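The block underneath contains the structure these notes are about, expressed in structure tokens.
Protein chains: 2
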Amino acid sequence: MSSPATITAALIVIGDEILSGRTKDVNIGATADFCTDLGIDLKEVRVVSDETDDIVDAVNALRARYTYVFTTGGIGPTHDDITADAVAKAFGVALPINPQARAMLEARWKETGTEVNEARLRMARIPEGADLIVNSVSAAPGFRIGNVHVMAGVPIIMRAMLEALAPTLQGGKKVLSRTVKAAVGEGTVGGPLGALQAQYPDVKMGSYPQMGKDRVMTELVLRSSDEALLEEATAKVQAMVDAAHARAGVTPPEN
Amino acid sequence: MSSPATITAALIVIGDEILSGRTKDVNIGATADFCTDLGIDLKEVRVVSDETDDIVDAVNALRARYTYVFTTGGIGPTHDDITADAVAKAFGVALPINPQARAMLEARWKETGTEVNEARLRMARIPEGADLIVNSVSAAPGFRIGNVHVMAGVPIIMRAMLEALAPTLQGGKKVLSRTVKAAVGEGTVGGPLGALQAQYPDVKMGSYPQMGKDRVMTELVLRSSDEALLEEATAKVQAMVDAAHARAGVTPPEN
Numbered sequence: 001m002s003s004p005a006t007i008t009a010a011l012i013v014i015g016d017e018i019l020s021g022r023t024k025d026v027n028i029g030a031t032a033d034f035c036t037d038l039g040i041d042l043k044e045v046r047v048v049s050d051e052t053d054d055i056v057d058a059v060n061a062l063r064a065r066y067t068y069v070f071t072t073g074g075i076g077p078t079h080d081d082i083t084a085d086a087v088a089k090a091f092g093v094a095l096p097i098n099p100q101a102r103a104m105l106e107a108r109w110k111e112t113g114t115e116v117n118e119a120r121l122r123m124a125r126i127p128e129g130a131d132l133i134v135n136s137v138s139a140a141p142g143f144r145i146g147n148v149h150v151m152a153g154v155p156i157i158m159r160a161m162l163e164a165l166a167p168t169l170q171g172g173k174k175v176l177s178r179t180v181k182a183a184v185g186e187g188t189v190g191g192p193l194g195a196l197q198a199q200y201p202d203v204k205m206g207s208y209p210q211m212g213k214d215r216v217m218t219e220l221v222l223r224s225s226d227e228a229l230l231e232e233a234t235a236k237v238q239a240m241v242d243a244a245h246a247r248a249g250v251t252p253p254e255n
Numbered sequence: 001m002s003s004p005a006t007i008t009a010a011l012i013v014i015g016d017e018i019l020s021g022r023t024k025d026v027n028i029g030a031t032a033d034f035c036t037d038l039g040i041d042l043k044e045v046r047v048v049s050d051e052t053d054d055i056v057d058a059v060n061a062l063r064a065r066y067t068y069v070f071t072t073g074g075i076g077p078t079h080d081d082i083t084a085d086a087v088a089k090a091f092g093v094a095l096p097i098n099p100q101a102r103a104m105l106e107a108r109w110k111e112t113g114t115e116v117n118e119a120r121l122r123m124a125r126i127p128e129g130a131d132l133i134v135n136s137v138s139a140a141p142g143f144r145i146g147n148v149h150v151m152a153g154v155p156i157i158m159r160a161m162l163e164a165l166a167p168t169l170q171g172g173k174k175v176l177s178r179t180v181k182a183a184v185g186e187g188t189v190g191g192p193l194g195a196l197q198a199q200y201p202d203v204k205m206g207s208y209p210q211m212g213k214d215r216v217m218t219e220l221v222l223r224s225s226d227e228a229l230l231e232e233a234t235a236k237v238q239a240m241v242d243a244a245h246a247r248a249g250v251t252p253p254e255n
């Protein structure tokens with residue numbers, strides 16, 4: 001099967017606890033790394049509150065725009081876990097108890113002597129037509145419906161679900177990156193870097209100042225899926241930085 | 001001056017380096033804490049790439065919807081720093097060199113013996129009609145135009161700019177929170193917690209499982225701007241949790 005040139009994705013992080021600052025998100029970074037490894041271009045992230053309409057709007061806006069949508073959070077057993085409800089609403093489908101999800105949960109509950117109750121059975125409600133995403137950590141499954149992949153918010157469960165998903169996703173052309181370190185400020189390399197960016201439109205060049213170090217440092221990051229072109233552009237950027245170091249009379253940083 | 005009932009905000013994090021996973025964002029958490037401290041309800045966060053149209057769309061969607069919009073990232077001297085351009089475009093105004101911003105930068109450059117060049121002067125381009133946000137760390141200012149507050153992406157600079165902004169923002173009614181710790185699973189408290197949430201619609205109740213600890217733990221977080229109501233609801237939740245501990249025969253956790 002041939003890969004389309006670009007496979008894109010968006011992430012929706014669901015939860016008041018992120019927006020209040022009570023919980024510091026780590027799922028954005030994990031999803032970004034996961035996508036980069038698979039050659040999927042993560043184009044956008046939204047963090048939304050535990051409000052049905054906000055989740056529905058984000059799911060519908062993003063699933064129309066990108067190859068894949070991932071969501072994290074809001075699939076537990078309590079009243080504030082409304083992601084399944086919202087995704088079912090976004091797709092206009094029912095949200096019945098799924099027998100396979102119920103069996104997965106009951107098997108785990110039997111092992112651990114956990115009481116089956118209405119709150120826990122909320123976690124077996126899966127939108128009609130969805131496939132389950134296995135949860136190797138705590139049994140309660142995520143699910144995929146259309147191009148939307150619904151995962152837990154707890155980071156270790158979310159990462160286990162991403163791993164379970166990986167074989168089902170189509171990767172794109174892997175984007176490679178090279179970093180050139182400069183011991184001068186961004187403003188010194190900014191002009192010539194812009195000129196090199198114009199010369200190599202298919203190599204994306206970024207400039208990142210490093211604050212709080214002993215001396216001024218700038219990291220120039222080049223990204224492209226064309227390795228030969230990337231090497232050529234990196235050599236040009238390195239030569240430009242070498243010249244800037246010589247002009248400023250500074251020692252080049254270790255690469 | 002009387003405060004409106006709810007002051008809302010959105011944050012736009014701008015930068016390919018967040019979406020590629022190369023840089024792990026910490027500005028979302030810092031902005032969330034900042035808003036919570038001021039009684040501002042952070043309703044939504046978007047992370048977008050270094051593409052003008054994506055930034056313009058996010059700025060225009062969110063500034064119409066919330067009291068305040070904050071942005072971080074993309075105000076440095078290099079070609080990939082396009083936030084000022086995008087915000088000027090979103091507001092339909094010009095982006096000239098701002099004399100006050102230029103003076104701030106030149107004063108710093110004089111101190112540090114830094115060459116003035118075209119790349120560095122990009123940082124003095126400020127949308128027409130905007131006010132500057134002082135940058136005590138590295139001089140290059142942010143700016144406020146309408147309800148949109150444009151800040152640096154480097155975390156220490158971003159936090160300095162938030163501090164500079166604080167006196168200019170109108171805070172809302174401060175939201176207080178109480179946490180009740182339970183040594184039983186979410187599924188055990190889920191049903192009665194949902195019933196208590198229905199009884200106290202003005203106290204927002206959240207349930208957060210704590211994974212990876214020695215034993216099952218759930219934190220129940222109650223939030224409200226009405227302190228008396230919050231105390232009353234917290235006492236009810238605590239009594240419900242005490243009963244669950246007694247039924248399960250487990251030792252209550254230390255609060």
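Top line first, the protein sequences correspond to chains A and B. Numbering follows UniProt numbering, in which position 252 of the first sequence is assigned residue number 252; successive positions increment by one, without gaps. Numbering follows UniProt numbering, in which position 102 of the second sequence is assigned residue number 102; successive positions increment by one, without gaps. Using N, Cα and C, we set each Cβ at its ideal position, and we do this for glycine too. The structure displayed is predicted, hence computed values, not measured ones.
Could you tell me the distance, in whole angstroms, from the CA atom of A246(A) to the CA atom of V203(A)?
For this step, residue 246(A) is matched to residue 246 along the first sequence. For this step, residue 203(A) is matched to residue 203 along the first sequence. The straight-line gap from Cα to Cα measures roughly 26 Å.
Exposed or buried, P141(B), counting other C-beta atoms within 10 Å across all chains shown (16 or more means buried)?
The residue you call residue 141(B) lines up with position 141 of the second sequence. The Cβ neighbour count for P141(B), taken over all protein chains shown within 10 Å, is at least 16; the residue is labelled buried.
Beta-carbon of P201(A) versus every beta-carbon of chain B: anything under 8 Å?
Stepping through the first sequence from its first residue, residue 201(A) is reached at position 201. With 8 Å as the cut-off, P201(A) does not count as an interface residue toward chain B.
So, at 6 Å on beta carbons, what are the nonlocal neighbours of R22(A) in its own chain, with the 5 sequence-adjacent residues on each side left out?
Mapped onto the first sequence, residue 22(A) falls at position 22. Contacts found: none.
Within the region 60-134 of chain A, note down every full beta strand (DSSP E) run reaching 3 residues or more, in order along the chain.
68-72, 131-133
Where S138(B) and Y68(B) are concerned, what is the direct C-alpha to C-alpha distance, given to the nearest angstrom?
If you number the second sequence from 1, residue 138(B) lands on position 138. If you number the second sequence from 1, residue 68(B) lands on position 68. The straight-line gap from Cα to Cα measures roughly 25 Å.
For R159(A): DSSP bridge partner residues
Start at 1 with the first residue of the first sequence, and residue 159(A) comes out as number 159. Per DSSP, none; premise fails for R159(A).
If you count every other CB in all the chains shown that lies within 10 Å of the CB of I75(B), and 16 or more means buried, which is it?
Position 75 of the second sequence, counted from the start, is the residue given in the question as residue 75(B). Answer is buried; the Cβ neighbour count reaches 16.
Could you round the C-beta distance between G185(B) and V216(B) to whole angstroms and report it? I think they count as a contact, below 8 Å.
Working through the second sequence from its first residue, we reach residue 185(B) at position 185. Working through the second sequence from its first residue, we reach residue 216(B) at position 216. That pair is a contact at about 5 Å.
Measuring CB to CB, does V237(A) end up less than 8 Å from V180(A)?
Here the question's residue 237(A) lines up with position 237 in the first sequence. Here the question's residue 180(A) lines up with position 180 in the first sequence. In this structure, V180(A) lies closer than 8 Å to V237(A) by Cβ.
Of the residues S177(B), P127(B), T8(B), which one's Cα is nearest the Cα of A228(B)?
Position 228 of the second sequence, counted from the first residue, corresponds to residue 228(B). When only C-alpha atoms are compared, the closest one is S177(B).
Since V175(A) contacts T71(A) with CB under 8 Å, what's their CB separation in whole angstroms?
Translated into the one-based positions of the first sequence, residue 175(A) becomes position 175. Translated into the one-based positions of the first sequence, residue 71(A) becomes position 71. No, V175(A) and T71(A) are not in contact; Cβ-Cβ is about 24 Å, not under 8 Å.
I14(A) and T83(A) - do their beta-carbons sit closer together than 8 Å?
Working through the first sequence from its first residue, we reach residue 83(A) at position 83. Working through the first sequence from its first residue, we reach residue 14(A) at position 14. Against a cut-off of 8 Å, the Cβ pair of I14(A) and T83(A) comes out as a contact.
With 16 as the cutoff for other CB atoms within 10 Å, does P99(B) come out buried or exposed?
Your numbering for residue 99(B) matches position 99 in the second sequence. When all chains shown are included, P99(B) counts as exposed.
Can you give the beta carbon distance from A182(B) to V241(B), rounded, assuming they're within the 8 Å contact cut?
Along the second sequence, read from residue 1 onward, the residue named residue 182(B) stands at position 182. Along the second sequence, read from residue 1 onward, the residue named residue 241(B) stands at position 241. Indeed they touch by this definition, with Cβ atoms about 5 Å apart.
According to a CB-to-CB cut-off of less than 7 Å, which residues of the region 74-90 of chain B neighbour chain A?
G76, P77, T78, H79, D80
State yes or no: is the beta carbon of Y68(B) nearer than 8 Å to at least one beta carbon in chain A?
Locating residue 68(B) in the second sequence gives position 68, where the first residue counts as 1. No, Y68(B) lies away from the interface with chain A (no Cβ there is under 8 Å from its Cβ).
Own chain, CB closer than 6 Å to residue 256(A), minus 5 neighbours either side, in chain order
A question about residue 256(A) goes unanswered here, because the residues of chain A that appear run from 1 up to 255.
On the CB-based measure, 16 or more other CB atoms within 10 Å of its CB, does R65(B) come out buried or exposed?
Numbered from 1 along the second sequence, position 65 holds the residue referred to as residue 65(B). Exposed.
What is the DSSP secondary structure of V237(A), counted as helix, strand or coil?
What you label residue 237(A) is simply residue 237 of the first sequence in a count that begins at 1. The answer is helix: DSSP assigns V237(A) an H, G or I state.
Can you tell me which residues form a DSSP beta bridge with I40(A)?
On the first sequence, residue 40(A) is found 40 positions in, with the first residue counted as 1. Paired residue(s): I7(A).
Please return the same chain residues whose Cβ sits closer than 6 Å to the Cβ of V45(B), not counting the five positions on each side in sequence.
One-based indexing of the second sequence puts residue 45(B) at position 45. If we look at V45(B) and ignore the five residues flanking it on each side, its Cβ neighbours are L11, I28.
Please confirm if the region 50-57 of chain A is in contact with the region 80-94 of chain A, defined as three or more CB-CB distances below 8 Å between the two stretches.
Yes, they touch.
Which residues in chain A sit within 7 Å of N27(B), going by Cβ to Cβ distance?
One-based indexing of the second sequence puts residue 27(B) at position 27. By Cβ distance, chain A contributes nothing, its closest Cβ being about 11 Å from N27(B), past 7 Å.
Does the separation of the CB atoms of D41(A) and T8(A) fall below 8 Å?
To locate residue 41(A), count along the first sequence from 1; it is residue 41. To locate residue 8(A), count along the first sequence from 1; it is residue 8. Yes, the pair counts as a contact, with Cβ atoms nearer than the cut-off.
According to DSSP, which residues form a beta bridge with Q210(B)?
Sequence index remark: in the second sequence, residue 210(B) carries index 210 (1-based). Beta-bridge pairing links Q210(B) to M217(B).
I want to verify the contact list: residues of chain A whose CB lies under 9 Å from the CB of I7(B), in sequence order.
Taking the first residue of the second sequence as position 1, residue 7(B) is located at position 7. In chain order: nothing, as chain A lies at least about 14 Å away.
Tell whether a beta-carbon distance below 8 Å holds between G191(B) and G39(B).
In the second sequence, the residue the question calls residue 191(B) occupies position 191. In the second sequence, the residue the question calls residue 39(B) occupies position 39. Not a contact, by the Cβ cut-off of 8 Å.
Start and end of the alpha helix (DSSP H) containing L193(B)?
By 1-based counting over the second sequence, the position of residue 193(B) is 193. Element bounds for L193(B): 186-199.
Excluding five sequence neighbours on each side, which residues of the same chain lie with their C-beta closer than 8 Å to the C-beta of residue 278(B)?
This structure cannot settle anything about residue 278(B), because the visible part of chain B is limited to 1 through 255.
Excluding five sequence neighbours on each side, which residues of the same chain lie with their C-beta closer than 6 Å to the C-beta of E231(B)?
Position 231 of the second sequence, counted from the first residue, corresponds to residue 231(B). No residues qualify anywhere along the chain.
Tell me whether S224(A) is buried or exposed, calling it buried when 16 or more other Cβ atoms sit within 10 Å of its Cβ.
Taking the first residue of the first sequence as 1, we reach residue 224(A) at position 224. That one is buried.
Going straight from the alpha carbon of G146(A) to that of V48(A), what length do you get?
Numbered from its first residue, the first sequence carries residue 146(A) at position 146. Numbered from its first residue, the first sequence carries residue 48(A) at position 48. Using only the alpha carbons, I get a separation of about 21 Å.
Looking only at its own chain, which residues have a Cβ that is under 6 Å from the Cβ of D131(A), when we skip the five neighbours before and after it?
Taking the first residue of the first sequence as position 1, residue 131(A) is located at position 131. Correct list, in chain order: R144.
Beta-carbon proximity list for E254(B), same chain, < 8 Å, skipping 5 on both sides:
Taking the second sequence and counting its residues from 1, the one referred to as residue 254(B) is at position 254. Hits under 8 Å: K181.
Rounded C-alpha distance that separates I156(A) from V26(A):
Stepping through the first sequence from its first residue, residue 156(A) is reached at position 156. Stepping through the first sequence from its first residue, residue 26(A) is reached at position 26. I156(A) and V26(A): Cα-Cα distance of roughly 10 Å.
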